[in-house]
Structures are given as C-alpha cells and as structure tokens.
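**Student:**
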Amino acid sequence: EKVSESDRFGKHEFGQTLLLACRLIEAGVHFVTVRLRPAEFDFDTHSNNFSKLRTLLPPFDRGLSALLGRLSERGRLDSTSLFVTGEFGRTPRVNGGGGRDHWARAMCALLAGGDIRGGRVAGASDETASAPSGDPFSPDDLAASFFRNTGIDPKTEFQTNVGRPVTLVRNGDPIESLFA
Numbered sequence: 013e014k015v016s017e018s019d020r021f022g023k024h025e026f027g028q029t030l031l032l033a034c035r036l037i038e039a040g041v042h043f044v045t046v047r048l049r050p051a052e053f054d055f056d057t058h059s060n061n062f063s064k065l066r067t068l069l070p071p072f073d074r075g076l077s078a079l080l081g082r083l084s085e086r087g088r089l090d091s092t093s094l095f096v097t098g099e100f101g102r103t104p105r106v107n108g109g110g111g112r113d114h115w116a117r118a119m120c121a122l123l124a125g126g127d128i129r130g131g132r133v134a135g136a137s138d139e140t141a142s143a144p145s146g147d148p149f150s151p152d153d154l155a156a157s158f159f160r161n162t163g164i165d166p167k168t169e170f171q172t173n174v175g176r177p178v179t180l181v182r183n184g185d186p187i188e189s190l191f192a
C-alpha cells in the first residue's frame with residue numbers, strides 16, 4: 013500500500029480502520045463493521061458541542077470520504093452497502109454546558125453503495141429539528157432499506173430453536189426513494 017493511500021484516510025485509528033475495511037472488502041470479506049471508539053472519537057457531546065465537533069468532524073469526514081472514494085475508484089461501491097448511523101439524535105436546543113443531549117425524536121443516517129442512489133435526501137425534520145415532518149421513517153425502515161440493499165429480503169422469516177417464527181424486519185419497509 014502506498015503511503016499516500018494511508019495519508020488519504022488520515023493518520024488516526026478511525027481512518028486506518030476504514031482503510032483496513034477497504035482492504036478486507038477488496039479481499040472478498042462479505043461483512044465488515046467499523047465502530048468509532050469513544051477514546052478517540054467521543055461524539056457524546058453533552059458539553060462543549062461545537063468546539064468538540066470542530067475537532068471530531070474533519071477526520072471523520074476525511075476517512076469516510078476516502079472510504080467512499082476508494083470503493084468507487086476500485087469498482088466496489090456498487091457491490092458494497094454502507095450504513096453510517098448512531099443510536100439516536102441530539103437535542104435541537106443547546107444545554108447550559110454548551111452541549112446537546114440524547115434525542116430520540118429525530119436523527120439522521122447515511123446509506124450508500126449498492127442500489128442506493130447517491131445525492132438524495134429522504135425525510136425531513138420540522139423547522140426546529142425537533143421532530144420529523146411529513147411522513148417519518150422509522151429505525152425499522154432504515155433496517156429494511158439496508159437489508160434490501162444487501163440483497164436480503166427484509167421480510168425473511170426464521171425459526172427459533174423452539175419453532176417460533178421471527179421476521180428479520182417485522183414493522184419496517186424499505187425507503188423506496190433511496191433506490192435507483
């Protein structure tokens with residue numbers, strides 16, 4: 013691997029982990045998970061939100077951009093499904109410590125690759141980013157979209173060891189506007 017390729021992803025654990033993820037995908041690994049470690053990328057910004065994000069976002073953006081770029085350049089993006097999300101959103105109002113707390117009513121996620129059409133936004137929030145506006149999407153809808161993009165029917169039913177049927181995504185439907 014060229015040093016410049018390593019530099020492209022960023023000389024930090026997250027960037028180098030994304031580079032490793034690319035290498036694994038290129039080697040034929042079918043499922044790779046990359047998780048941000050709080051020790052390096054602590055997005056739990058209950059205080060000093062804005063100053064923390066000025067530090068956190070540039071290397072995150074650099075690494076993610078490099079990942080998408082490399083997968084595209086090497087012809088892997090069409091066969092790779094990328095899902096970037098956290099477990100909740102952040103409060104629309106800044107708290108007394110200059111931070112944002114946990115907020116379950118509105119959040120965002122990024123889906124890319126496979127049959128996902130680039131450059132699209134699905135869904136919207138109200139004028140204060142407090143809640144979805146219009147027809148909201150659920151976490152199950154996101155999961156159904158992810159599974160569809162990987163070629164797995166989200167309504168696939170499995171049997172537990174005691175014969176109980178379990179549906180992969182019971183209440184969600186793929187977000188059709190995301191797909192080509």
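At position 30 of the sequence shown the residue is numbered 42 (the numbering used here), and the sequence of numbers has no breaks.
Beta carbons are placed, not taken as given, at the ideal position from N, Cα and C, and that holds for glycine.
Keep in mind it's a predicted model, so treat the numbers as computed, not measured.
1) Helix, strand or coil for S142? Go by DSSP, reduced to three states.
2) Do the region 112-121 and the region 81-94 make contact, defined as three or more Cβ pairs closer than 8 Å?
3) Do the region 119-129 and the region 153-165 touch if we need at least three Cβ pairs shorter than 8 Å?
4) Quick one: give me the first and last residue of the alpha helix (DSSP H) that E85 is part of.
5) Counting pairs of beta carbons, one from the region 71-81 and one from the region 15-26, are three or more of them closer than 8 Å?
6) Who are the near neighbours of T29 in its chain, counting only those whose CB is closer than 6 Å to its CB and skipping five residues on each side?
7) Among residues of its own chain, excluding the 5 on either side of A134, which ones have a beta-carbon nearer than 6 Å to its beta-carbon?
8) Should V178 go down as buried or exposed, given a rule of 16 or more other Cβ atoms within 10 Å for buried?
9) Taking the C-alpha atoms as reference points, what is the distance between F62 and G109?
10) Which residues in the same chain as L68 place their Cβ atom closer than 7 Å to its Cβ, once the five residues preceding and following it in sequence are excluded?
11) May I have the straight-line CA-CA distance separating D147 from G27, to the nearest angstrom?
12) Would you say G127 and N161 are within 8 Å of each other, going by their C-beta atoms?
13) In or out: A33 buried (at least 16 other Cβ within 10 Å) or exposed?
14) Are the CB atoms of S150 and G111 within a distance shorter than 8 Å?
15) Identify the continuous alpha helix (DSSP H) that holds F100 and give its terminal residues.
16) Suppose you measure from the CA of G163 to the CA of P50; what does that come to, to the nearest Å?
17) If you follow the alpha helix (DSSP H) that T29 is in, where does it begin and where does it stop?
18) Does DSSP put L5 in a helix, a strand or coil?
**Tutor:** A quick look at the data gives this:
1) Collapsing the DSSP output to three states places S142 in coil.
2) No, because fewer than three Cβ pairs between the region 112-121 and the region 81-94 fall closer than 8 Å, the two stretches do not touch.
3) Taking 8 Å as the limit for Cβ pairs, the verdict is that the region 153-165 does touch the region 119-129.
4) For E85, the enclosing alpha helix (DSSP H) starts and ends at N61 to E85.
5) The region 71-81 makes contact with the region 15-26, as at least three CB pairs between them are under 8 Å.
6) Excluding residues within five positions, the ones whose Cβ falls inside 6 Å are V46.
7) I187, S189 and L190, listed in sequence order.
8) Label assigned to V178: exposed.
9) Distance between the alpha carbons of F62 and G109: 11 Å.
10) Cβ within range, chain order: F53 and F55.
11) Roughly 36 Å between the two C-alpha positions.
12) One point to set straight first is that residue 127 is Asp, not Gly, in the sequence displayed. Contact flag set, yes.
13) Classification for A33: buried.
14) With contacts defined as CB atoms closer than 8 Å, G111 and S150 fail to qualify as a contacting pair.
15) Bounds of any alpha helix (DSSP H) do not take in F100, whose DSSP letter is neither H nor E.
16) Between the alpha carbons of G163 and P50 lies a distance of about 32 Å.
17) It spans E25 to E38 - the alpha helix (DSSP H) in which T29 sits, taken as one unbroken run.
18) Coverage of the chain is limited to positions 13 through 192, which leaves residue 5 absent and any answer about it impossible.
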